[in-house]
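**Student:** Provided herewith is a single structure, encoded as C-alpha cells, for subsequent inquiry.
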Amino acid sequence: MLQLHNSGDQRALETFIAIDETPGTQRALVRASREDPDVSKQDLSEALQRYDSLETPEQKREMREVWRATGDEGVEFTASADPQTVRLIAMAPVM
C-alpha cells in the first residue's frame, strides 16, 4: 500500500481503501506488489482503476475472486488487459 501511496495515484489509493470489506483482496494486491518485481506501482494503479470502472457489485465481487485465486498474475493481467476484457472476465463466474 505504501507503494501505491507513493505513486501519487489518489483514485487508485481510494479504490484500494474502499476494498477494505474484503481484506483477502487487499492482501492479494499488497502481496502481488511486494513479492513480484514485475508488478509495478503503475500495474497496481491500472488494475485498481479497471476494478473501479466495473459497473455492478457482482462484477467487482467476481474480480476480487479472480485476484484472490490468481494472485500477482491476475493483478498483472487486469492492468494490461483492455477495460472491455476486464468487464467480460468480471461477468464470468470463477470456478
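All you need for the numbering used here is the position in the sequence shown, starting with 1, plus 1039.
Ideal placement from N, C-alpha and C gives every residue a C-beta, glycine not left out.
Since this is a predicted model, take the numbers as computed values, not measurements.
Please classify Val1105: does DSSP put it in a helix, a strand, or coil?
**Tutor:** Secondary structure at Val1105: helix, using DSSP grouped into helix, strand and coil.
**Student:** Taking a contact to mean a Cβ-Cβ separation below 8 Å, would you say Lys1099 touches Tyr1090 in this structure?
**Tutor:** Between Lys1099 and Tyr1090, the CB-CB gap stays under 8 Å.
**Student:** At the level of alpha carbons, what is the spacing between Glu1074 and Thr1095?
**Tutor:** 30 Å
**Student:** Would Glu1085 pass as a contact of Ala1118 if the rule is Cβ separation under 8 Å?
**Tutor:** yes
**Student:** Taking the alpha-carbon positions, what's the Asp1121 to Ile1128 distance?
**Tutor:** 11 Å
**Student:** Within the continuous alpha helix (DSSP H) that includes Glu1085, where are the two ends?
**Tutor:** Lys1080 to Ser1092
**Student:** Does Asp1077 pass the burial test, meaning 16 or more other C-beta atoms within 10 Å, or should it be called exposed?
**Tutor:** exposed
**Student:** Give the secondary structure of Thr1124 by DSSP, where H, G and I count as helix, E and B as strand, and everything else as coil.
**Tutor:** In the three-state reduction of the DSSP assignment, Thr1124 falls in the helix class.
**Student:** State the Cα-Cα distance for the pair Met1040 and Leu1087, rounded to the nearest angstrom.
**Tutor:** Note on Met1040: pLDDT 45, under 50, position unreliable in the model; the coordinate value appears next. Going by the C-alpha atoms only, they are around 12 Å apart.
**Student:** Would you call the CB atoms of Val1114 and Leu1083 closer than 8 Å?
**Tutor:** Annotated as proximal: Val1114 and Leu1083, with beta-carbon spacing under 8 Å.
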